[in-house]
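> Per my numbering, the very first residue in the sequence shown carries number 149; after that it's consecutive.
By construction, the Cβ of each residue, glycine as well, lies at the ideal position given by its N, Cα and C atoms.
I have a structure I would like to understand better, so I am pasting it below and will then ask my questions one at a time.
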Amino acid sequence: MVKSPLAPQLGYNYQALFFWTKAIDMLISDHISIVKFESDDVKVVDDVIVKYKDNYRDEETGQQIDIDFFQLKYHMSQSDAFSSDNLINPNFVRNNESLIERLFSEYKKLKISNKNFRLIIVSSWVWASDDLLFSYIKTNGGFKQDFFVSTKKTIIEYKQKLMQLLKISDIQLLNEFLITLRFEYLNMQVLKNILNPLLYSAKLKPINYSISTNEYESLPWKLLRQNYTIYSKESMLIHLENEGLLIKEEQEKEVFFIQSYETIATKYLKASSHHLDLSTSFINLDSVDWTEIKNKLKSFILKIYGSDKEIHLLLQTRLSISLYLGYLVKDQQAGVNVIPTLSDLTPWPDSQNYTDDHWDINILNDQNTDNFEEIVILCSVTHNINQSSFEFLQKNVFLQNKACFSFACKNGCNSVTIADNKQAWSMANELAEEISRRCLSSNLKIHLFYAGPSALAYVIGKKLQLKAIELYLYEYNQQKGEYMQSINVRRGE
Numbered sequence: 149m150v151k152s153p154l155a156p157q158l159g160y161n162y163q164a165l166f167f168w169t170k171a172i173d174m175l176i177s178d179h180i181s182i183v184k185f186e187s188d189d190v191k192v193v194d195d196v197i198v199k200y201k202d203n204y205r206d207e208e209t210g211q212q213i214d215i216d217f218f219q220l221k222y223h224m225s226q227s228d229a230f231s232s233d234n235l236i237n238p239n240f241v242r243n244n245e246s247l248i249e250r251l252f253s254e255y256k257k258l259k260i261s262n263k264n265f266r267l268i269i270v271s272s273w274v275w276a277s278d279d280l281l282f283s284y285i286k287t288n289g290g291f292k293q294d295f296f297v298s299t300k301k302t303i304i305e306y307k308q309k310l311m312q313l314l315k316i317s318d319i320q321l322l323n324e325f326l327i328t329l330r331f332e333y334l335n336m337q338v339l340k341n342i343l344n345p346l347l348y349s350a351k352l353k354p355i356n357y358s359i360s361t362n363e364y365e366s367l368p369w370k371l372l373r374q375n376y377t378i379y380s381k382e383s384m385l386i387h388l389e390n391e392g393l394l395i396k397e398e399q400e401k402e403v404f405f406i407q408s409y410e411t412i413a414t415k416y417l418k419a420s421s422h423h424l425d426l427s428t429s430f431i432n433l434d435s436v437d438w439t440e441i442k443n444k445l446k447s448f449i450l451k452i453y454g455s456d457k458e459i460h461l462l463l464q465t466r467l468s469i470s471l472y473l474g475y476l477v478k479d480q481q482a483g484v485n486v487i488p489t490l491s492d493l494t495p496w497p498d499s500q501n502y503t504d505d506h507w508d509i510n511i512l513n514d515q516n517t518d519n520f521e522e523i524v525i526l527c528s529v530t531h532n533i534n535q536s537s538f539e540f541l542q543k544n545v546f547l548q549n550k551a552c553f554s555f556a557c558k559n560g561c562n563s564v565t566i567a568d569n570k571q572a573w574s575m576a577n578e579l580a581e582e583i584s585r586r587c588l589s590s591n592l593k594i595h596l597f598y599a600g601p602s603a604l605a606y607v608i609g610k611k612l613q614l615k616a617i618e619l620y621l622y623e624y625n626q627q628k629g630e631y632m633q634s635i636n637v638r639r640g641e
């Protein structure tokens, strides 16, 4: 077996794509037990091997088949055709032995431990229509019965030539060998045409042929380098999931839409299953009744608990509402997956495998934070708020002389700072862990100044719900041009 493919790139792309036709058959049917790619067990017919479950039979002949051995022959020139001479001419396979000799040698070895098998040559060439064997090849690529009983001189002479080449004198042995052979035609374009429908049927992502490379051409070779060659249905699904090639079925969902601004887009109302309008509670920002707002939110969120659907939260709200909801909604209690949804209705799922270092962290005073029970956090995502928030701190005596941490995005503060959902969850997790590492008090109170997306505020609220006993949020009042205290949240609310 050749461990490193030496054929032209198109050749082993051809082999990889053919492999997927058999791997998909294994996934969607119940008659294949394993599929091998580049096997050490055999030579010549080692490109793809398919082992069937008990009692699998050829649909045309009814013959029981235990295993198929495939050899792929991709030809750069598509204008030529396969012929009887190709079988017996060593130059065709660039070897000291002809293709038929090599196949027969493998046949004799396989016959020792295998009973019902086929040796299948898959080629991008059709069989030449003027060749002496053309009329004796069935549509499935095997020899017709007429070939074995033919009295034509040309056929008899060709059989004699085969027997001489294979160094055998028993015509029955030749026939038994030839019965196992198949010659299948499959050019690259046909292969590509049939593959995407197969991928869809197996709920796999289709190939985008508008780009020069794709995962399905490279993945079998990538896994081969990692010593993966044998695949069952179960192991194949694991690899496909790891590579992100499975199309996940969309779970039935309920969308909970909460607004605190008067103006909203109609699409949000159409997309929502449940709607809460808090806009009237914020007409006068100097007299917001937070107790009333919290009670409305708690009552609204009760609809989540006991649901058997995936819950999407669509938040067109002030930061205070988003942060409180994160603090309030506990996924384990709800028994459902609660997801904050972005303005384009795209969900941000909880993915905590993102481990990049996101924050520039600075201490803005020299307080010892080891045992502090009250701290100030300045969190800058969309824009840097250090100066504006620090001015507010200087004006308010009750916030002075408290340890103050500044968290600012390392890759710059702007509206596109957060690249994807994984980063959002990772940022919130890192912020919470940094607070835990620096502040050891179990009765921690946090004064939070925040500039960032509402969905990230939800995630931060969720991450801080076990870190702080009390959380105060300060929001910027555009009309007054300064910060003002908004919601405060206590653990266990």
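1. Could you give the residue range of the beta strand (DSSP E) that holds phenylalanine 219?
2. Classify lysine 257 as helix, strand or coil using the three-state DSSP reduction.
3. Indicate whether leucine 445 and tyrosine 472 have their beta-carbon atoms separated by less than 8 Å.
4. Determine whether the beta carbon atoms of valine 545 and histidine 595 lie at a separation below 8 Å.
5. Taking the alpha helix (DSSP H) that aspartate 425 belongs to, which residues open and close that run?
6. Determine contact between the region 585 to 603 and the region 528 to 541, defined as no fewer than three beta-carbon pairs at a distance below 8 Å.
7. Is the Cβ-Cβ distance between arginine 266 and arginine 205 less than 8 Å?
8. Ignore the nearest five residues each way along the sequence and tell me which others in glutamate 245's own chain have a CB closer than 8 Å to its CB.
9. Grab the span of the beta strand (DSSP E) containing lysine 444 for me, first residue to last.
10. Decide yes or no for the touch test of the region 277 to 287 against the region 227 to 235: beta carbon pairs closer than 8 Å, at least 3 of them.
11. How long is the line joining the alpha carbons of valine 646 and phenylalanine 218, rounded to whole angstroms?
12. Based on the DSSP output, what are the partners of isoleucine 212 in its beta bridges?
13. At what residues does the beta strand (DSSP E) containing alanine 599 begin and finish?
14. Residues in the same chain with beta-carbon distance under 8 Å from alanine 350, minus the five sequence neighbours each way, listed in chain order, please.
15. I'd like to know if the region 377 to 391 and the region 429 to 449 are in contact, where contact means that at least 3 CB-CB pairs between them fall below 8 Å.
16. From Thr302, Trp369, Leu310, Ile342, pick the residue whose C-alpha is nearest to that of glutamine 163; which is it?
17. With DSSP collapsed to three states, give me the class of tyrosine 270.
18. For asparagine 161, count neighbouring C-beta atoms within 10 Å of its own C-beta (all shown protein chains included) and say buried if the count is 16 or more, exposed if not.
19. Going along the chain, which residues of its own chain have a beta-carbon closer than 8 Å to the beta-carbon of isoleucine 319, five neighbours each way excluded?
20. To the nearest angstrom, how far is it from the Cα of tyrosine 416 to the Cα of leucine 604?
21. Going by Cα to Cα distance, which pick from Ser317, Ile180, Glu324, Leu592 is closest to leucine 251?
22. What are the boundary residues of the beta strand (DSSP E) that includes glutamate 402?
23. My output table needs one value for tyrosine 502: the three-state DSSP class, helix, strand or coil.
24. Hey, quick one: how far does the alpha helix (DSSP H) through alanine 164 stretch, first residue to last?
25. Considering only their Cβ atoms, is the gap separating lysine 401 from lysine 457 smaller than 8 Å?
26. Tell me whether asparagine 625 sits in a helix, a strand or coil according to DSSP, three-state version.
27. Scan the region 286 to 374 and note each continuous alpha helix (DSSP H) run of 4 residues or more that stays entirely inside, going in chain order.
28. Serine 590 to asparagine 549, Cα distance in whole Å?
So, from the data block:
1. Position check: residue 219 holds glutamine in this sequence, whereas phenylalanine was assumed. Where glutamine 219 is concerned, the enclosing beta strand (DSSP E) stretches over 215 to 221.
2. helix
3. yes
4. no
5. Element bounds for aspartate 425: not the alpha helix (DSSP H) but the beta strand (DSSP E), 422 to 425.
6. yes
7. no
8. Pro238, Ser253
9. Element bounds for lysine 444: not the beta strand (DSSP E) but the alpha helix (DSSP H), 438 to 449.
10. yes
11. This structure cannot speak to residue 646, because the chain is shown only from 149 to 641.
12. With the sequence shown as reference, residue 212 is identified as glutamine, and isoleucine is not the correct amino acid for it. Note: glutamine 212 sits in a beta bridge opposite Arg205.
13. 593 to 599
14. Ile172, Leu175, Ile176
15. no
16. Trp369
17. Here the sequence assigns valine to residue 270, which means tyrosine is not the residue at that position. Three-state result, valine 270: strand.
18. buried
19. Lys307, Met311
20. 19 Å
21. Glu324
22. 401 to 407
23. Residue placement at tyrosine 502 cannot be trusted, given a pLDDT of 49 that sits under 50; the coordinates are not used to answer.
24. 157 to 176
25. yes
26. strand
27. 293 to 297, 301 to 314, 319 to 327, 336 to 349, 363 to 373
28. 20 Å
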